[in-house]
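Working notes for the structure below.
Residue numbers (UniProt numbering), protein chains in the order written: chain A, 1 to 330; chain B, 1 to 351; chain C, 1 to 387.
Structure, rendered in structure tokens:
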């Protein structure tokens with residue numbers, strides 16, 4: 001499962017005192033490779049660089065199962081050399097997270113001997129003065145290779161002259177224990193800012209008040225407020241406190257435990273129209289057996305210390321609301 | 001190539017101020033005033049338009065379905081004929097233009113927004129790359145553009161002084177653009193990824209833009225001087241940098257040909273070039289001579305709200321035609337690493 | 001100048017399974033595209049433009065994946081558009097492609113939608129926890145189940161209707177070799193006794209998570225004349241959107257859905273959809289949505305949709321077959337699910353649906369929806385060229 005760590009923070013930098021919080025989007029993506037990319041990455045594990053012959057005879061590295069210009073299906077794999085020529089480069093003085101080298105390096109496009117296209121990777125060089133277009137380079141293999149583009153750790157400068165001819169050798173593409181899939185973790189860090197209206201709403205929740213905003217045109221009260229009335233397309237600004245009591249408009253009984261939620265099943269997940277609100281919000285119902293919850297049930301929030309939202313809603317003991325009184329709010 | 005089967009024009013354009021940090025407002029709160037502005041210029045409501053289309057990216061926002069919340073700003077009630085592209089708003093405009101060409105609508109609202117500030121844009125854009133061979137290396141957008149810039153330098157097609165001049169000209173022009181993020185010249189600064197310096201790169205920022213399109217007499221009724229779309233086309237290239245000639249932009253060239261850009265000279269061009277070096281590539285692909293006023297708005301080098309920057313190029317070009325400052329203008333939008341995908345619009349005032 | 005008639009001359013889909021571990025993303029989309037091209041007897045070079053759709057990029061962890069897939073789709077040197085309208089995207093994508101032909105911008109367009117859910121986890125992609133927001137307390141089905149209960153209350157439908165739909169669609173899927181679920185041993189009793197996950201929704205009444213792609217070749221009148229197989233002609237197509245959450249929203253029968261259907265019928269000259277439409281492929285991710293959409297789309301009066309289901313009218317041998325392919329309940333590559341509905345409708349009127357062909361189908365409706373039941377796209381296709 002992904003790790004997402006939304007830890008609210010104080011908002012020093014944000015203007016107008018709006019809330020912000022880190023949002024980490026991280027997942028280990030599982031990528032199946034298919035025959036051609038699978039052969040290429042397996043080849044890297046075996047210190048073999050494969051290309052593929054395109055419709056016009058060019059050798060494409062890294063290989064794709066289709067011609068990059070025409071889309072035609074390709075299947076003729078060839079082996080190219082682990083040496084090649086830099087076709088362009090860029091000096092990276094400040095390596096960033098995830099990049100191939102932790103010390104300053106050059107990004108390079110390298111046309112490997114026997115290939116007609118260039119491959120993007122890093123070149124380990126002492127400084128920009130040691131790099132030029134046309135320079136000769138060779139592959140430095142990673143010590144631990146699993147079948148990934150990073151098995152090619154980087155390129156390094158190569159003193160040997162370019163070969164006279166570089167006719168790629170045919171290759172069957174078959175290896176023992178072929179790599180058919182890779183796991184590619186990816187993490188991106190964001191700072192989430194919910195905006196003005198949501199900030200006002202969240203701050204009020206801290207005082208255990210539910211604050212909506214009224215549309216100046218249709219007069220409906222939006223909870224949570226989102227800064228605009230979505231049907232009228234105008235800004236909402238007038239603050240309206242709603243609830244705390246409300247009516248269950250509809251619900252379901254949850255019998256399946258949701259991951260990363262510590263709630264015993266079965267429980268009731270309900271839509272609740274707080275008194276004065278123009279639309280329902282969603283919450284759990286407690287304080288009543290799950291099979292006795294019904295549409296029209298009158299409920300009130302139960303707060304728990306340290307929680308931003310009500311822990312759940314419980315029956316108020318009032319008579320049920322008449323269906324006609326809330327059917328427009330379902 | 002025959003022209004479009006129906007005359008369609010940009011009749012209004014609006015944009016937000018483009019800022020480095022818009023954390024004070026949600027996407028909907030950022031888009032709302034821009035929509036009001038563009039609609040006020042025509043007297044229309046969103047519900048009066050026959051089609052609505054927007055452009056944005058979940059990856060910028062860090063949230064799936066992020067565009068659904070921005071729809072709150074539109075007032076989609078009664079329900080609208082509406083669509084969304086996960087692309088720059090220039091392509092949303094393209095989709096709307098096609099809808100108007102079919103005759104099923106006479107007006108369209110197009111908007112786009114992007115907040116780059118919540119994430120690390122250089123890192124986020126690496127997720128656009130081939131997920132097997134490129135993305136695992138995290139080559140950032142400036143690094144890729146720097147590879148392209150070096151290829152231009154190696155080929156003798158530009159020099160560092162020329163790149164610096166592009167940067168200076170753009171930001172000087174932006175001094176007159178109240179919406180721009182970088183107004184007035186900036187020092188070129190140090191290399192970010194050599195050969196590109198800080199000044200060669202677009203600023204990172206947030207913003208929104210919107211355009212109203214209208215067909216035929218409807219356009220004339222809504223606007224004193226509509227900016228007629230004489231041609232609109234877009235083309236894509238292969239993804240891998242290693243199979244392309246990075247010093248050329250054949251997709252821009254082809255799109256321009258299809259859009260009729262070379263039929264008569266243009267007097268103005270708004271180019272979507274987030275790097276000075278990419279302006280060099282585009283000028284060559286488009287045969288833009290010294291007589292053409294390039295990026296009088298300051299271009300992407302002065303304000304770059306990703307996903308809206310391309311739409312803003314069309315809006316800026318149209319606005320100048322509406323004000324009578326241009327008679328025939330070219331607008332360009334790009335997407336993907338090193339100008340992989342390009343769109344060209346040719347706009348004219350009524351002659 | 002009138003619109004150019006639009007013909008569907010090529011249809012292709014992948015085998016849909018929980019995880020297509022044998023192909024790359026490129027391989028997946030090419031499998032569907034190649035089959036659509038073969039159906040149309042065309043090659044990559046015959047395509048003028050490509051329109052691609054899928055649901056959120058986070059599902060595969062590739063931002064704007066059409067950029068990296070451009071070469072795989074033979075799109076180099078061509079226009080490439082990427083549509084994203086949530087769950088309705090497969091339908092919207094096809095409609096954008098159709099407009100390119102209708103507007104005479106292009107003559108022959110390849111349109112494709114895909115999802116490779118196995119690259120991540122759909123529930124992760126759908127519910128990235130956003131700071132400050134209350135976590136979704138109920139999982140995917142929990143979002144829909146309260147709306148189903150609201151429908152039950154409103155229509156007074158008996159409890160067993162949902163099971164009837166699930167059993168029907170899963171049985172239909174046995175006749176569709178591409179379908180994800182082939183539950184040969186399924187009985188109505190098994191559906192009825194399957195666990196109640198989100199009461200009133202049972203396990204067997206929910207859709208699977210699939211890897212898959214669907215592609216179509218759309219072309220103009222001249223292109224249709226060259227087609228080796230009968231084309232499906234577009235008679236009407238529309239999209240409608242309404243906001244995600246708003247005061248007065250009707251989740252049971254959203255107005256956007258009703259308006260969208262009405263627009264499609266108007267374009268198609270349909271005044272009595274129940275009698276004039278021969279087959280329907282509608283987006284039913286949870287079985288109860290069949291009766292709900294039957295009402296929303298005008299096939300039954302409000303509160304009466306379940307009677308149509310109960311009567312057997314929506315079965316393969318009924319007079320209004322719904323989801324002869326097995327539908328979303330049997331196959332659900334999210335971004336492609338809508339296009340599969342559109343494509344299966346077209347297969348019916350082309351007479352090329354194989355074992356799940358409805359005899360004599362002349363007009364069929366494809367329907368997709370997404371978001372918080374807010375984005376709708378539909379098309380009506382016919383065996384006859386429109387007037």
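All C-beta atoms, glycine included, are put in the ideal place defined by N, C-alpha and C.
All figures in this text were calculated on a predicted structure; none of them were measured in a lab.
The residue among C/373, C/321, C/355 with its C-alpha nearest the C-alpha of residue 366 of chain C is C/321. It is roughly 12 angstroms from the alpha-carbon of residue 315 of chain B to the alpha-carbon of residue 208 of chain B.
Within a 10 Å sphere around the beta-carbon of residue 180 of chain B sit 16 or more other beta-carbons, which makes this residue buried.
Taking all protein chains in view, the Cβ of residue 78 of chain C is crowded by 16 or more other Cβ atoms within 10 Å, so the residue is classified as buried. DSSP, read as helix, strand or coil, puts residue 219 of chain B in helix.
Counting only runs of at least 3 residues, the stretch 70 to 121 of chain B fully encloses the following beta strand (DSSP E) elements, listed from N- to C-terminal order: 82 to 85, 107 to 115. Taking residue 345 of chain C as reference, the option from C/336, C/329, C/363 with the minimal CA-CA separation is C/363. When 8 angstroms is used as the limit between beta carbons, residue 154 of chain B is near these residues of chain A: 88, 133, in chain order. Taking a C-beta cut-off of 7 angstroms against chain A, the contacting residues of the stretch 118 to 146 of chain C are 118, 119, 120, 124, 128, 129, 130, 131, 132, 134, 135, 137, 138, 139, 142, 145, 146, listed in chain order. Residues of chain B whose Cβ lies closer than 7 angstroms to the Cβ of residue 256 of chain C are, in chain order, 79.
If you look at residue 261 of chain A, you'll find it isn't in any beta strand (DSSP E); DSSP assigns it neither H nor E.
Burial state of residue 224 of chain A is buried, judged by a 10 Å Cβ sphere holding 16 or more other Cβ atoms. Using a C-beta cut-off of 8 angstroms, the stretch 197 to 207 of chain B makes contact with the stretch 15 to 25 of chain B, since at least three inter-stretch Cβ pairs fall below that distance. The shortest CA-to-CA distance from residue 70 of chain C to any of B/345, B/340, B/116 is the one to B/340. Within 10 angstroms of the beta-carbon of residue 343 of chain C lie 16 or more other beta-carbons, which makes it buried. The CB of residue 168 of chain C never comes closer than 7 angstroms to any CB in chain B; the least such distance is about 30 angstroms.
In this structure residue 171 of chain A is buried. Its beta-carbon is surrounded by 16 or more other beta-carbon atoms within 10 angstroms.
Residues of chain C whose Cβ lies closer than 8 angstroms to the Cβ of residue 69 of chain B are, in chain order, 244. Annotated three-state conformation of residue 29 of chain C is helix, per DSSP.
Among the CB atoms of chain C, none fall inside 9 angstroms of the CB of residue 241 of chain A. The beta carbon of residue 72 of chain A sits closer than 6 angstroms to those of 55, all from its chain and outside the five residues before and after it, given in chain order. Looking only at A/17, A/28, A/24, A/19, the smallest Cα-Cα distance to residue 184 of chain A is reached by A/28.
Residue contact check for residue 299 of chain C against chain B: no CB pair falls below 9 angstroms. The residues 244, in chain order, have a CB closer than 6 angstroms to that of residue 372 of chain C in the same chain once the five nearest residues on each side in sequence are set aside.
Considering only A/228, A/161, A/137, A/168, the residue with the shortest C-alpha distance to residue 25 of chain B is A/228. Taking each of B/183, B/338, B/194, B/261 in turn and checking the Cα distance to residue 281 of chain B, the smallest one comes out for B/338.
Contact annotation, residue 93 of chain A with residue 102 of chain A: C-beta distance approximately 13 angstroms; criterion of less than 8 angstroms not satisfied. Rounded to the nearest angstrom, the gap between the Cα atoms of residue 114 of chain C and residue 131 of chain C is 30 angstroms.
Taking 9 angstroms as the upper bound on Cβ-Cβ separation, chain C lies near residues 25, 27, 28, 29, 30, 31, 32, 33, 34, 35, 36, 37, 38 of the stretch 25 to 41 of chain A. In terms of CA proximity to residue 100 of chain A, A/125 leads the group A/87, A/115, A/125, A/118.
From the beta-carbon of residue 350 of chain B, no residue of chain C is found nearer than 8 angstroms; the closest lies around 21 angstroms away. Residue 182 of chain C and residue 173 of chain C have their C-alpha atoms some 6 angstroms from each other. Sequence-distant partners of residue 176 of chain C (beyond 5 residues in either direction) whose C-beta falls short of 6 angstroms from its own C-beta, in its chain, are 325, 326, 356.
At the C-beta level, residue 79 of chain B and residue 88 of chain C stay beyond 9 angstroms of one another.
Counting along the chain, the unbroken alpha helix (DSSP H) around residue 221 of chain C starts and ends at 221 to 225. With fewer than 16 other Cβ atoms inside 10 Å of its own Cβ, residue 76 of chain A counts as exposed.
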